[in-house]
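Note that the protein sequences, when read in sequence, are chains A and B. Here the first sequence is numbered in the numbering used here, starting from 180 and rising by one per residue. Here the second sequence is numbered in the numbering used here, starting from 63 and rising by one per residue.
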Amino acid sequence: MISGALFRLISSFSYFIVAVSPLPWWYTSIGGVINVYDSPFFVNVYYMEQNLSCTLVYPINLLLISLRLAEVFTSIVYSFSSVEGIVKGKIPDTPLFTFYVSLFYLLDLILFSVIDYFMIGKLIAPVGAFKENVSLSRIPFLNLNGDISAEITNYPLPMFYVTLASGLFSLVTAIVSNDERKITRR
Amino acid sequence: MKVGNILVFLISALILFLINGSINGIHESYNQGLLQVSQETPKFTIVENYSGVYLAVNNTLAVPIKVALYGHQVKISPDESATIPINNSVFKTHEIRITLTVENLSILFIERV
């Protein structure tokens, strides 16, 4: 019981740390010309040396900042309920946001590979540095003629690994909590 | 918990939206971004004079660029411009193929003439 309560407390606290941390999770560079540092709570886009996060991509960032505030609020509520759970012996719910969101990033890579396969006709590992050749006429909505060839660099940053670890820990905590509930019902 | 989460999200979004000057303010930020992008994009113009037709390229970027046009390649330093002669045969095909290389990115433009 104590271990479950401790798990829930650590899980809620790590969720809070992930939500308040301003560090980006992922880095993507298109030929060194467009550099993107992103997380589900903020997107930093650099076009050459111009930072576009407060101008061109601000409408997206406005929603992401709101999401961060909502998640910080939820993580505080979860932290209080896990402390309350220790004091009163209750089994509160476990936050799984960090697990789902890190899973989403990994699914995103698979989606990128699938789109890439249909556009270029070959499968590329979407992590690390790789060369990409895209015929613009294959992208119908751009209405452009020509080709783009770029060296793409795409990799997770340390904060992503922190989130993934927090997410996996939350999943373990959710399983432990479910087992505890079953035992308590008996 | 979910209702509280959604409520905080909606209230924060509304407050940020109003702080940033609602639709007009956000639209202005977006337009400023478009201007930043256009300022950082090299400009191409076709110049015609008594000695022939040229492609004038102005490098507005902070890094050197390479422009290639039918075998002619020119390296242009930041804030400098260059002209590349356009062969008359180009006008028979009605298209100009310009390859722009910036750092590790190269773009092939096909301009209709």
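Ideal Cβ positions, reconstructed from N, Cα and C, are used throughout, including at glycine. Bear in mind that the values here come from a model prediction, so they are computed numbers and not experimental data.
Its chain contains T273, L275 as the residues whose beta carbon lies nearer than 7 Å to that of A353 (chain A), once the 5 sequence neighbours on both sides are disregarded; these appear in chain order.
Chain-order list of chain A residues neighbouring L96 (chain B): T234, L235, by C-beta distance under 9 Å. Counting only the Cα atoms, Q98 (chain B) lies some 22 Å from V129 (chain B). For the segment 296 to 309 of chain A, the set of residues with a beta-carbon nearer than 8 Å to any beta-carbon of chain B is empty. Using beta-carbon distances, L188 (chain A) does not count as an interface residue toward chain B, since no partner is under 8 Å. Positions of the alpha helix (DSSP H) runs, each at least 4 residues long and wholly inside the segment 181 to 220 of chain A, are given as 181 to 199 in order along the chain.
For the pair of segments examined, the segment 224 to 232 of chain A was found to touch the segment 204 to 213 of chain A: the number of CB pairs separated by less than 8 Å reaches three.
Counting of Cβ neighbours within 10 angstroms places Y334 (chain A) among the exposed residues, the total staying below 16. For V236 (chain A), no alpha helix (DSSP H) segment is defined, and its DSSP state is neither H nor E. Rounded to the nearest whole angstrom, the CA to CA distance from A75 (chain B) to I362 (chain A) is 42 Å. Of the candidates B:E142, B:H89, B:F106, B:I146, B:I146 places its Cα closest to the Cα of G133 (chain B). For Y226 (chain A), the secondary structure class from DSSP, reduced to helix, strand or coil, is strand.
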